[in-house]
Amino acid sequence: MKKNINRPQSKQGRPESSIINSQNRKNNQTQKEYQNQIEKDENNLIQQNKRNHQNQQQQQQQQQQQQQQQQQQQLNDDQSQKNKQIYQILRKQSSQQQQSQIIQKISKYIAFHHISLQTFWKSQQIYVQFEQFLEFIQQIGMIILPNEYENLQQELQNNQGQITISIICEKIKPWHNQENAMLEFIKEKVLCMAQSSKNKYRVQSQKGARQLNNTNPQKQLRPVSGFNQEYNKNLKQQQQEYNLDEQNRSTSYFNMHNQRQKKQEQSLNFIITNNKNEQDYDTLVKMGQANELAEQINSNNRYRAFKRPDGNLVVHVYDDDCLYAELTINEFNREFTSLKMQHNQKKNTKIWEVLSENKKALKGRDFSRNINKE
Numbered sequence: 001m002k003k004n005i006n007r008p009q010s011k012q013g014r015p016e017s018s019i020i021n022s023q024n025r026k027n028n029q030t031q032k033e034y035q036n037q038i039e040k041d042e043n044n045l046i047q048q049n050k051r052n053h054q055n056q057q058q059q060q061q062q063q064q065q066q067q068q069q070q071q072q073q074q075l076n077d078d079q080s081q082k083n084k085q086i087y088q089i090l091r092k093q094s095s096q097q098q099q100s101q102i103i104q105k106i107s108k109y110i111a112f113h114h115i116s117l118q119t120f121w122k123s124q125q126i127y128v129q130f131e132q133f134l135e136f137i138q139q140i141g142m143i144i145l146p147n148e149y150e151n152l153q154q155e156l157q158n159n160q161g162q163i164t165i166s167i168i169c170e171k172i173k174p175w176h177n178q179e180n181a182m183l184e185f186i187k188e189k190v191l192c193m194a195q196s197s198k199n200k201y202r203v204q205s206q207k208g209a210r211q212l213n214n215t216n217p218q219k220q221l222r223p224v225s226g227f228n229q230e231y232n233k234n235l236k237q238q239q240q241e242y243n244l245d246e247q248n249r250s251t252s253y254f255n256m257h258n259q260r261q262k263k264q265e266q267s268l269n270f271i272i273t274n275n276k277n278e279q280d281y282d283t284l285v286k287m288g289q290a291n292e293l294a295e296q297i298n299s300n301n302r303y304r305a306f307k308r309p310d311g312n313l314v315v316h317v318y319d320d321d322c323l324y325a326e327l328t329i330n331e332f333n334r335e336f337t338s339l340k341m342q343h344n345q346k347k348n349t350k351i352w353e354v355l356s357e358n359k360k361a362l363k364g365r366d367f368s369r370n371i372n373k374e
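Following full-length UniProt numbering, the numbering of the sequence shown begins with 1 at its first residue and continues without gaps.
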């Protein structure tokens with residue numbers, strides 16, 4: 001006899017064991033799917049990492065190639081610069097060793113006749129044109145052929161087509177290392193000319209003042225003589241010649257008016273040139289004072305006068321014999337005032353102290369001796 005086993009049943013009438021088994025199956029399937037998904041994700045990650053690693057390796061290789069190319073290019077540039085420097089050095093050496101025939105000819109002539117640069121250079125500027133240089137050569141008695149002009153221009157002219165003192169002192173052997181002495185000579189020459197023009201202007205102004213002061217309102221008559229009679233005859237003849245017809249008077253008046261205007265313009269130009277010479281002289285004096293102040297301040301700046309082709313005076317500022325600025329007269333005056341202020345600040349001098357020292361100096365002078373002598 002079979003025993004009837006009472007199994008628990010669900011509400012639907014199925015046994016509970018079958019339900020549990022079905023649930024376990026489902027869970028196993030879900031776990032397998034989950035594991036498969038995890039494996040897929042892991043594989044994808046591994047592949048992605050491989051790809052990233054490959055990309056990094058490719059980038060590193062590209063960077064290394066770029067660095068190698070840059071290094072190679074830099075080496076090529078350095079080599080080209082070295083080659084250029086070597087070429088320039090060799091060119092300078094060859095130019096120094098193989099000097100042109102025209103320069104050798106000039107240097108031999110100057111050395112044989114003992115001609116100094118001060119006597120050769122007739123200009124008041126530090127540069128001249130090629131035609132002026134040929135005139136200087138003709139004045140010392142040297143002859144240069146027309147076929148030698150091109151070689152001379154190539155040797156002595158700069159990029160602006162000018163022949164400077166520095167180029168001449170560098171190329172011509174008897175005048176080596178004479179540039180500074182020649183510049184000082186030109187400076188003294190310009191100072192002397194400015195001083196002479198200033199003295200002439202003072203003498204002329206004093207003469208004009210004397211003529212104005214010595215005018216007599218009353219005419220002083222003197223006795224009649226034979227000389228006076230001849231003089232009066234000449235005056236009458238001149239007056240008769242000067243008397244013109246009525247038709248020509250308008251043209252004569254117009255010409256006289258033009259002559260007066262020309263005289264006025266000449267007088268104005270004379271006054272302007274004299275004032276300009278005085279201004280140039282004052283700037284030259286201030287330039288010497290500025291150099292002294294710069295030495296006291298321990299400054300490297302040095303000031304030198306330079307005259308342009310248009311006649312205007314400018315001041316060149318040198319820093320250890322290197323030109324780095326060009327100043328007009330007004331700019332130089334500002335520079336001079338700033339130098340004086342720096343000098344006073346260095347000495348800790350004040351305005352009232354300077355004025356008191358000047359007053360003491362005036363009080364200490366004895367003017368009675370000069371009055372007694374006069």
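Backbone N, C-alpha and C define an ideal beta-carbon position, used for all residues, glycine too.
Query raised in the report: Based on Cα-Cα distance, which residue from 315, 346, 155 and 167 lies nearest to residue 283?
Result: Counting from one through the sequence shown, the residue named residue 283 turns up at place 283. Taking the Cα of residue 283 as reference, the smallest distance to any Cα among 315, 346, 155 and 167 is reached at 315.
Report task. Using the Cα positions of residue 151 and residue 167, report the straight-line distance between them to the nearest angstrom. Result -> Working through the sequence shown from its first residue, we reach residue 151 at position 151. Working through the sequence shown from its first residue, we reach residue 167 at position 167. Distance between the alpha carbons of residue 151 and residue 167 is about 15 Å.
Query raised in the report: Quick one: what's got a C-beta closer than 7 Å to residue 117's C-beta in the same chain, skipping five residues either side?
Result: For the purposes of this step, residue 117 is taken as residue 117 along the sequence shown, with counting starting at 1. The residues are 175, 178 and 182.
Query raised in the report: Below 8 Å, can you find three or more Cβ-Cβ pairs linking the region 71 to 83 to the region 132 to 151?
Result: Output reads no: the region 132 to 151 does not touch the region 71 to 83.
**Report entry** Proximity below 8 Å, CB of residue 137 to CB of residue 126
**Finding:** Residue mapping note: residue 137 aligns to position 137 of the sequence shown, counting from 1. Residue mapping note: residue 126 aligns to position 126 of the sequence shown, counting from 1. Taking 8 Å as the cut-off, the beta carbon of residue 137 is found no closer than this to the beta carbon of residue 126.
Requested in this report: Measure how close the beta-carbons of residue 305 and residue 339 come, nearest whole angstrom, since I'm counting them as under 8 Å.
Outcome: Residue 305 sits at position 305 when you count from the first residue of the sequence shown. Residue 339 sits at position 339 when you count from the first residue of the sequence shown. So it is not a contact: roughly 16 Å between Cβ atoms.
Requested in this report: For the region 140 to 169, list the alpha helix (DSSP H) runs that are entirely contained and at least 4 residues long, ordered along the chain.
Outcome: The region 140 to 169 contains these whole alpha helix (DSSP H) runs: 149 to 156.
Report task. For residue 195, I'd like the list of residues in its chain whose CB is within less than 8 Å of its CB, leaving aside the five on either flank, ordered along the chain. Result -> Mapped onto the sequence shown, residue 195 falls at position 195. Result list for residue 195: 281, in chain order.
Query raised in the report: In the DSSP assignment, what are the bridge partners of residue 302?
Result: Within the sequence shown, the letter at position 302 stands for residue 302. Per the DSSP secondary-structure output, residue 302 pairs in a beta bridge with 318.
Query raised in the report: Is the beta carbon of residue 120 sitting closer than 8 Å to the one on residue 140?
Result: Here residue 120 is taken as the residue at index 120 of the sequence shown, counted from 1. Here residue 140 is taken as the residue at index 140 of the sequence shown, counted from 1. Yes; because the gap between Cβ atoms is below 8 Å, this pair is in contact.
Requested in this report: Taking the CB atoms as reference points, tell me whether residue 319 and residue 301 lie closer together than 8 Å.
Outcome: Position 319 of the sequence shown, counting from 1, holds the residue named residue 319. Position 301 of the sequence shown, counting from 1, holds the residue named residue 301. The Cβ atoms of residue 319 and residue 301 sit closer than 8 Å to each other.
Query raised in the report: Which term fits residue 341, buried or exposed, when burial requires 16 or more other beta carbons within 10 angstroms of its beta carbon?
Result: As a first step, residue 341 is located in the sequence shown; it is residue number 341 there, counting from the start. It counts as exposed.
**Report entry** Proximal residues to residue 277 (C-beta, below 8 Å), its chain only, five neighbours per side dropped
**Finding:** Taking the first residue of the sequence shown as 1, we reach residue 277 at position 277. Within the same chain, Cβ atoms closer than 8 Å to the Cβ of residue 277 are found at 194, 197, 198 and 201, the five residues on either side in sequence being excluded.
Query raised in the report: Since residue 325 sits in a beta bridge, which residues does DSSP pair it with?
Result: Here residue 325 refers to the residue found at position 325 when the sequence shown is read from its first residue. In the DSSP secondary-structure assignment, residue 325 is bridged to 317.
Query raised in the report: Does DSSP put residue 122 in a helix, in a strand, or in coil?
Result: Mapped onto the sequence shown, residue 122 falls at position 122. Coil, per DSSP.
Query raised in the report: So, is residue 285 buried or exposed, given that buried needs 16 or more other C-beta atoms within 10 angstroms?
Result: Mapped onto the sequence shown, residue 285 falls at position 285. Per the 10 Å Cβ criterion, exposed.
Query raised in the report: With distances taken between CB atoms, is the gap from residue 103 to residue 172 smaller than 8 Å?
Result: As a working mapping, residue 103 is identified with position 103 in the sequence shown. As a working mapping, residue 172 is identified with position 172 in the sequence shown. It is a contact, given that the beta carbons lie within the stated cut-off.
Query raised in the report: Straight-line CA distance for residue 149 to residue 162?
Result: As a first step, residue 149 must be located in the sequence shown, where it is residue number 149. As a first step, residue 162 must be located in the sequence shown, where it is residue number 162. Taking the straight line from one Cα to the other gives about 14 Å.
Query raised in the report: Measuring CB to CB, does residue 100 end up less than 8 Å from residue 155?
Result: Position 100 of the sequence shown, counted from the start, is the residue given in the question as residue 100. Position 155 of the sequence shown, counted from the start, is the residue given in the question as residue 155. Cβ distance < 8 Å, so residue 100 and residue 155 count as in contact.
Query raised in the report: Could you give the distance in angstroms between the alpha-carbon of residue 52 and the alpha-carbon of residue 74?
Result: Along the sequence shown, one-based indexing puts residue 52 at 52. Along the sequence shown, one-based indexing puts residue 74 at 74. Their backbone Cα atoms lie some 32 Å apart in a straight line.
Query - CB contact flag (residue 329, residue 313, <8 Å) - result: Locating residue 329 in the sequence shown gives position 329, where the first residue counts as 1. Locating residue 313 in the sequence shown gives position 313, where the first residue counts as 1. A contact, by the Cβ cut-off of 8 Å.
Report task. From the DSSP output, read off the bridge partner residues of residue 190. Result -> Locating residue 190 in the sequence shown gives position 190, where the first residue counts as 1. In DSSP, residue 190 forms no bridge with anything.
Requested in this report: May I have the straight-line CA-CA distance separating residue 88 from residue 71, to the nearest angstrom?
Outcome: Indexing the sequence shown from 1 puts residue 88 at position 88. Indexing the sequence shown from 1 puts residue 71 at position 71. Roughly 26 Å between the two C-alpha positions.
Query raised in the report: For the alpha helix (DSSP H) that contains residue 173, what are its first and last residues?
Result: Counted from its first residue, the sequence shown places residue 173 at position 173. Per DSSP, residue 173 lies in no alpha helix (DSSP H) segment and is marked neither H nor E.
Query raised in the report: What's the C-alpha gap between residue 317 and residue 190?
Result: Here residue 317 corresponds to residue number 317 of the sequence shown, with the count starting at 1. Here residue 190 corresponds to residue number 190 of the sequence shown, with the count starting at 1. So the alpha carbons of these two residues sit roughly 18 Å apart.
Query raised in the report: In terms of residue numbering, what span does the alpha helix (DSSP H) encompassing residue 103 cover?
Result: Numbered from its first residue, the sequence shown carries residue 103 at position 103. Looking at the DSSP string, the run of the alpha helix (DSSP H) that includes residue 103 is 101 to 113.
Query raised in the report: Is it right to say residue 390 is buried, meaning 16 or more other beta carbons lie within 10 angstroms of its own, or is it exposed?
Result: An answer regarding residue 390 cannot be provided, because it is not within the stretch 1 to 374 covered by the chain.
Requested in this report: Kindly identify the DSSP beta-bridge partner or partners of residue 346.
Outcome: On the sequence shown, residue 346 is found 346 positions in, with the first residue counted as 1. DSSP, once it has assigned bridges, lists no residue as partnering residue 346.
Query raised in the report: When you compare only the Cα positions, how much space is there between residue 59 and residue 66?
Result: On the sequence shown, residue 59 is found 59 positions in, with the first residue counted as 1. On the sequence shown, residue 66 is found 66 positions in, with the first residue counted as 1. When rounded, the distance between both Cα atoms is 10 Å.
Query raised in the report: Can the beta-carbon of residue 257 be found closer than 8 Å to that of residue 293?
Result: Counted from its first residue, the sequence shown places residue 257 at position 257. Counted from its first residue, the sequence shown places residue 293 at position 293. In this structure, residue 257 keeps its C-beta atom at 8 Å or more from the C-beta atom of residue 293.
Query raised in the report: Thinking C-alpha only, which one of 147, 146, 169 and 124 is nearest residue 186?
Result: Within the sequence shown, residue 186 is the residue found at index 186, counting from 1. Considering only alpha carbons, the answer is 124.
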